[in-house]
Amino acid sequence: MTEEYYPRIVGLLCNWCTYAGADLAGTTRIKYPQNIRPIRIPCSGRVSPHFILTSLLSGADGVFIGGCHPADCHYNEGNYYARRRFSVLKSFLDFVGVEPERLTLEWVSASEGDRFAEVVTAFTEDVKALGRPNPYSRKELED
Amino acid sequence: MPRAEIVKKVPINDSYFLFRSCVSSSKYPGIETSTEEVFARLGIELEDSPEQSCCGGFITFTSLAEVTASLPAVARNLSIIEESGKNALTVCNGCHMFLTEFGHFMDHNPDITNKVNEMLGMIGREYKGTSHVLHMLEAVAGLKNRIKELITRPLKGLRVATHYGCHYLYGFKHDAVDDPYMPTVLEELIEIAGAENVTYPEARTCCGSGLTQVIIHKEEMSLPFLKRKLDSLKKIEADVLIVVCPYCMTILDRGQFKMEERGIEEYGVPVLYINQLLGLAMGIDPVRLGLEAHITPVKRLLEKLEVSNA
Amino acid sequence: MRKIGVFVCHCGTNISSMVDIDRVIESATRLPDVACAVDYQFTCSAPGQTQIKDAIKEYNLDGVVVAACSPRMHEPTFRKTLRDAGLNPYMMEMANLREHTSWVALNRGEATAKAIDLVRMKVAKVARLRPLEEIHLPVTRRALVIGGGVAGIQAALDIADGGVDVTLVERSPSLGGHMAQYDKTFPTLDCASCILTPKMVEVASHPNITLLTYSEVEEVTGFVGAYKVKARIRARSVDLEKCNGCGTCLEVCPVRVPSEFDASLADRTAIYRPFPQAVPAAPAIDRESCIYFKTGKCRACEKVCPADAIDFEQENEIVEVQVGAIVVATGFHFFDARKYTEYGYGSYKDVISWLQFERLTNASGPTGGKLRRPSDGMEPKSIVFIHCVGSRDPSKGFPYCSRICCMATAKHAVITRSKIPDAKIYSFYIDIRAAGKGYEEFVRRAIEQEDVQFIKGRPSRIVQSDGKLLVRSEDAFLGRQIEVEADMVILTNGAAAQNDAAELAQMLGIGYDQYGFFNELHPKLRPVETNKAGIYLAGMCQGPKDIPESVAQASASASKVLGLLSRDQIAREPIIAEVDPGRCTGCMDCMEVCFFTAVEEDEFMERKIAKVLPGVCQGCGACVAQCSDGAMELRAFSDEQIHAEITALFAVEVAR
Amino acid sequence: MSRLFDKKLRPELYSDLSELTFRFIGDLEKCMQCGKCVGNCPAASVTQYNSRRIIHSIKLGNVEDVIKSEELWSCFFCSSCYASCPKDINFPFTVAMLRYASLYAGYGWEYVKKLLPYALDYYRTGMTVLQDERNPNITRRRANNSNTSGSMADVREKMGLSRERKVSDRALSEVQFISDVSGMTRILKELPHKEEKAPLTRAELDRMVTVTGPNGKFAGFPEEDDNA
Ligand SMILES: Cc1cc2nc3c(=O)[nH]c(=O)nc-3n(C[C@H](O)[C@H](O)[C@H](O)COP(=O)(O)OP(=O)(O)OC[C@H]3O[C@@H](n4cnc5c(N)ncnc54)[C@H](O)[C@@H]3O)c2cc1C
Ligand SMILES: Cc1cc2nc3c(=O)[nH]c(=O)nc-3n(C[C@H](O)[C@H](O)[C@H](O)COP(=O)(O)OP(=O)(O)OC[C@H]3O[C@@H](n4cnc5c(N)ncnc54)[C@H](O)[C@@H]3O)c2cc1C
Ligand code: SF4
Ligand code: SF4
Ligand code: SF4
Ligand code: SF4
Ligand code: SF4
Ligand code: SF4
Ligand code: SF4
Ligand code: SF4
């Protein structure tokens, strides 16, 4: 088996925009790398920092959070909370030594199937470019 | 009468730094003496200093020196005011605008203040931003109740019109004591002096000079404007026109002379600074009030006062 | 241990062409909680669903994973399948093997690996699901309408015609709102009172409508389907039952105060009826200006009243109503044009507002519809309208466009032309905004046929000189300063929210913008709903709009109300937040972030804790993410469930 | 000691106009072309001057046209436009900036030249406006009104004041020092020799902002200063 680095990415996608955008990418058959494992959540505002930490600790190489564009949130303000929490967490990760590139927050609307594929592809490339398992994963910590 | 709320708190102190003005000292010294006399009667001390110079504004708005050169010139004057530990009174709309606006600018741009202080440091000065600069009218308006008690010779029957000047009205959009289009401070003072306030349509209209126009373009631009204003003034047969700025006074007083000289129109409305009017109502000697320096004669005005007071 | 069934769908070949179904089944079978894993061609088809139902019985399943298409497509289908099989419908999750996998994968290997992971993740989640019951909220079949302008009137009538009882609360002594003050309405120039008065009368006589005028809403509690409303009926001092509306009392009252209805252009008495066609016709005594209430003397009105209807002893009355839904239609107010000292409104008598102009041209107005200027009663021969006074002006007024004034000004210009054929009419504008059916045509008519001079330019100043008003402006097309001599100037001072809009919004728990206009839930898709279920908006209270739009919104709100109240109970998805009283520390961080104000303070064992209102919560989960004590959970998306999904992904080593 | 201010704060250091104007164009973007600034503008009422049009022109990128224009020198600096602008655009400030731009690009010198005598007075005495009258009729009229010779010195004396207001020597030397180190003196020096409408080269621009003399001390006032 070739030892090509195949990162796994946890995708936390809000039900109303990004999850639907991902569906649209499917309906229009846009191909993109399949490293992402989408998890459906009601709103990006539902994303607890724990989800991201758990993902990284468990061995995720990247975490992708998708929400509605600002001012488009189905619940009005959820994505603003997401953005706030996200920036706090990102600086924390930086602090503990996880490359901030392993984390991304993207706004993808339900009509942006192509954009979903685009940003996921780009993020997968970015994570791949980091080139090694995330240093924060439990396995790495134990080694 | 509608009017924007007075938003600015005017500090009323026992003493102020008197900021002189080139135009006043050189052309209408009565503006300064009347101010000194009125404030002396109010029991308020005015400190002078020979270290003060031209406010520095002229060189800015002539574009002869860019802001970076005029800021230190203005800041130097501000530092002298600060040294006195007092708030300053300016007798001129222009000085007021430049000293306050530039002070405001520096207070909000600390990096620029540092640069300015670098330069001031070379002459042993520093700008700290600790003093207020008030327009004389702001202080007088704040003192109007005390002024009322000092009126000994009410100017009964005198018809008084006003001209505030653009930089008093329009220059401080967000920090003005009065509304730019419906100001009332002068009108209140005129009533306190016992005179009758009369309005004319072009009361809030520019005298035609702005800051430099009378020099750059001479008659062709400013005279028509001045004429519009004076024509409107003439119709209401005012005895006197009140200003709060020596530069406005220069234009309105000498402008009438100029029109007369060219045979365009005779107006003959004397122009007085508000403190000169208050001074008359307090019984101060017209010579001391500097009325003889005026070009448009004030004799008829004084005679009318004699009669009404007799 | 759970007994979970996994049902993998081929979707014809949509999935199976990219995903190795056998490997998915094989890997699922090996998972600890899985009792059975089977595949089928079309799982959503009737036989496919039967397969699920049979398996539920056969294996006594307590959870189901359907590995097929997007849950946004078939989640409701399979929930129903579970319910039909006697299993709680919320014990099901879908793994998205189609939209998120087979249709987007580059190769079969990758797709299969992802499918295996997704199924494993969903199994882990289903193992932690709990049965949920739909929330049923009882419904009170009565509606409240706040505000009796044209919007409130329309909403009340539509709801009442639908067979539902309505309580209409109007603050002033009469129905009608602003529209009652106008003579004619654009773009058709039909007479305002001819179309409004019949509707007002209909409200008053409708068997399903309870009309409370001179009243205000004081308190609103509860939630959708079950709002409790307290309204205060102000003492009118006239008995509505006895008064026959004869108006004799108005003739004897000695008091004169400026009439609000006539925009201060005329006076009214202390006992007054805003306008002759008022509904109800009974007057009210304005106690602030009544001599009797100030000095204890007078009672002149009482003496002449043939019906003995005057009642000085009347007191404010509080009534309580239970309603299932609320329509807010409180309308608008005006920008105070006195702030524009450059135009002299308030000091130049002949500079008036457009509302005053409406009264001046109204046949029932102070001049009997004759256009006369206020200072000396002269017929103005040169008339200037100024647009955007206080609108589109962030420095002194509002940055927004008031939307109706361009049209209203065109209307006013046309009315002026009909009253004074030889008048010079000027209208100073920045841009003309006339985007409605027949609107542009109307403006063109004013320009082309009625000889109204529209001048592009926002005037800078008005100078008063010899009884004339000199309007100084730019003519932007000429690029030159111009001065227009006018006898009269009309300012279109912009529309503003009601002064007390913010208080009302807070009382109702609905959102409002920085200017005080109430927020709709979604500007395009939910234009009359608010963030609070069961509260709807109509008319100007939501933002500037004209009468057609106000009425359209009112009818839309009414149909929403009727839809809601047509049921005995409202069923709601049970996916809402829930507090664990044991863990909650009462910090109320959750309350801060809840946009829908669904979190309330509560008490538990003498401690303050948070409580979620099931009728209000929308299930967004913002509060859950905010809670640092793990006390808040979102049903079907709990921390535990999502963590399980994440960790399950990494539970097995996959080839890298 | 040659550059007291960094480039960011000294727009005149840019010869590239697009870069320079960018600094204040930002505010002009807000303009909604409503024209309220024009209706009360004294310049607009006596000439074709039009602040709104100037703003529009700049927004379209025609900065060069604006700074070459005579129009630019018509503004009275009365600030009436600022007071009325619904977007709070301080247009007179913008005009001042544009005038600097104009001068540095080599235009407008003929207008500024007229102001030179006042600036020289300021340099020499610390005061911009002095007592002497350029029009003898004024003195004659004042003599009439005051029963004196009509000279300001006499009038002041009669009022009980010193014959002339003077700033102190220290004040004067400070004013001159600031003028020297800030580059104003250099401008005063160059002004009389300015050829009309001769655009500056980059090298000239650089020279203009460099103060001569050791330790930032100005080496001496220009000898050619007689025509003041
Ligand atoms: C001068 C002018 C002319 C116009 N001309 C036209 C036209 O020709 N054609 C056209 O289509 N549109 C026109 N409009 C627009 C039109 O007025 C509005 O679209 C319409 O009036 C909005 O109706 P509304 O019911 O929302 O508000 P409103 O008419 O303001 O009614 C609101 C009602 O709610 C009541 N209320 C307020 N707060 C409370 C409270 N807290 N409790 C109880 N009651 C309350 C008020 O007393 C009032 O009766 C014009 C507007 C103006 C200003
Ligand atoms: C370029 C453009 C951009 C726009 N952008 C925006 C925007 O950003 N925001 C915004 O709010 N609005 C926008 N709009 C306006 C918006 O498109 C319309 O308001 C909206 O689409 C109207 O929806 P509708 O359902 O009335 O009409 P349509 O979208 O036209 O739908 C009518 C439907 O009826 C069907 N149909 C027609 N006749 C029959 C028949 N006889 N029998 C059966 N079916 C029939 C048609 O096939 C069609 O599906 C935009 C419009 C345009 C042209
Ligand atoms: S359940 Fe979904 S994937 Fe399966 S056949 Fe139906 S549509 Fe296709
Ligand atoms: S009692 Fe009051 S309302 Fe009645 S007539 Fe007298 S003042 Fe008017
Ligand atoms: S209160 Fe009496 S007098 Fe007045 S309208 Fe009613 S019935 Fe007539
Ligand atoms: S509708 Fe017309 S007048 Fe009213 S604010 Fe908008 S542009 Fe101005
Ligand atoms: S945030 Fe958590 S602990 Fe705080 S009140 Fe809300 S539920 Fe309770
Ligand atoms: S889930 Fe959303 S709507 Fe429900 S209580 Fe929490 S924050 Fe409010
Ligand atoms: S008033 Fe202000 S916004 Fe209007 S045109 Fe002038 S600069 Fe532009
Ligand atoms: S400052 Fe200049 S542009 Fe503005 S109004 Fe005065 S003259 Fe006109």
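Chains as they are written, first to last, in this note's numbering: chain W, 1 to 143; chain P, 144 to 453; chain U, 454 to 1109; chain D, 1110 to 1337. Where a beta carbon is used, it is the ideal one built from N, C-alpha and C, also for glycine.
Item	Value
Same chain, Cβ closer than 7 Å to Cys197/P, neighbours up to 5 away in sequence not counted	Cys165
Met574/U vs Gly602/U beta-carbon contact at 8 Å	no
Beta-carbon proximity check, Cys1070/U vs Ile1029/U, cutoff 8 Å	yes
Contact set between the region 1142-1172 of chain D and chain U, restricted to residues whose Cβ is under 8 Å from the partner	Gln1142, Cys1143, Gly1144, Lys1145, Cys1146, Val1147, Gly1148, Asn1149, Cys1150, Ala1153, Ser1154, Gln1157, Asn1159, Arg1161 and Arg1162
Straight-line gap, Asp928/U to Ser880/U (C-alpha atoms, nearest Å)	11 Å
Listed by chain order, chain D residues near Gln419/P by CB distance under 9 Å	Ordered by position in chain D, no residue passes the 9 Å Cβ test against Gln419/P, which lies about 12 Å from the chain.
Own chain partners of Glu1137/D with C-beta closer than 8 Å, once the 5 adjacent residues on each side are dropped	One point to set straight first is that residue 1137/D is Leu, not Glu, in the sequence displayed. Counting only Cβ-Cβ distances below 8 Å, and skipping sequence neighbours, we find Ile1164, Ile1167, Lys1168, Ile1198 and Thr1203.
Inter-residue CB distance, Glu946/U and Phe787/U (contact presumed, cutoff 8 Å)	Residue 946/U is actually Asn in this sequence, not Glu. Their Cβ separation, rounded to whole angstroms, is 5 Å, which keeps Asn946/U and Phe787/U in contact under 8 Å.
Test: Gln917/U CB closer than 8 Å to a CB of chain P	yes
Boundaries (first-last residue) of the beta strand (DSSP E) holding Gln917/U	Arg914 to Ser918
Given Gly932/U as reference, the closest of Pro833/U, Lys909/U and Lys849/U once Cα atoms are compared	Lys909/U
Cβ-based neighbour list, Asn513/U, same chain, cut-off 7 Å, excluding 5 preceding and 5 following	Lys456
Three-state secondary structure assigned by DSSP to Thr1050/U	coil
Interface residues of chain P facing Glu1283/D [CB-CB closer than 7 Å]	Arg219 and Ile266
Cα-Cα separation between Glu292/P and Leu420/P, rounded to whole angstroms	15 Å
Partner residues on chain U for Ser1193/D, Cβ-Cβ distance less than 8 Å	Glu795, Ser913 and Arg914
Any chain U beta carbon closer than 8 Å to Pro253/P	no
Host alpha helix (DSSP H) of Ser1193/D (start-end)	Ser1189 to Ser1193
Among Ser1154/D, Gln1142/D and Lys1139/D, the one whose alpha carbon lies nearest that of Cys349/P	Ser1154/D
Beta-carbon proximity list for Lys506/U, same chain, < 7 Å, skipping 5 on both sides	Thr534, Asp537 and Ala538
Alpha-carbon spacing of Val682/U relative to Ile988/U, whole angstroms	13 Å
Contained beta strand (DSSP E) runs [length at least 3] in the region 1017-1089 of chain U, N- to C-terminal order	1022-1025, 1030-1032, 1052-1057, 1060-1065 and 1085-1087
Close-in-space but distant-in-sequence residues of the same chain around Gln1157/D (CB under 8 Å, 5 per side omitted)	Glu1180
Residue nearest to Ile290/P in terms of C-alpha spacing, selected from Thr342/P, Thr178/P, Pro389/P and Tyr159/P	Thr178/P
Chain D contact for Ile202/P (CB, 8 Å cutoff)	yes
Cβ-heavy atom distance, Lys977/U to ligand 2, below 7 Å	yes
Whole-angstrom C-beta distance between Ser658/U and Ile686/U, which should lie under 8 Å	Their Cβ separation, rounded to whole angstroms, is 19 Å, which puts Ile686/U and Ser658/U out of contact at 8 Å.
Interface flag, Lys128/W vs chain U, CB-CB below 8 Å	no
Distance cut-off 7 Å: Asp999/U Cβ against heavy atoms of ligand 6	no
Any non-hydrogen atom of ligand 6 closer than 7 Å to Ser844/U Cβ	yes
Range covered by the beta strand (DSSP E) that runs through Glu713/U	Neither: Glu713/U is in no beta strand (DSSP E) and is coded neither H nor E.
Pick from Val757/U, Ile1095/U, Gly700/U and Val776/U that is closest to Tyr680/U, judged by C-alpha positions	Val776/U
Contact the region 563-570 of chain U vs the region 742-755 of chain U: 3+ CB pairs below 8 Å	no
Proximity of Asp492/U and Ile509/U at Cβ, strictly below 8 Å	no
7 Å Cβ cut-off: residues of chain U touching Asp114/W	Near Asp114/W there are no residues of chain U at all, since even the closest Cβ is about 11 Å away, more than 7 Å.
Any 3 or more C-beta pairs closer than 8 Å across the region 813-830 of chain U and the region 852-859 of chain U	no
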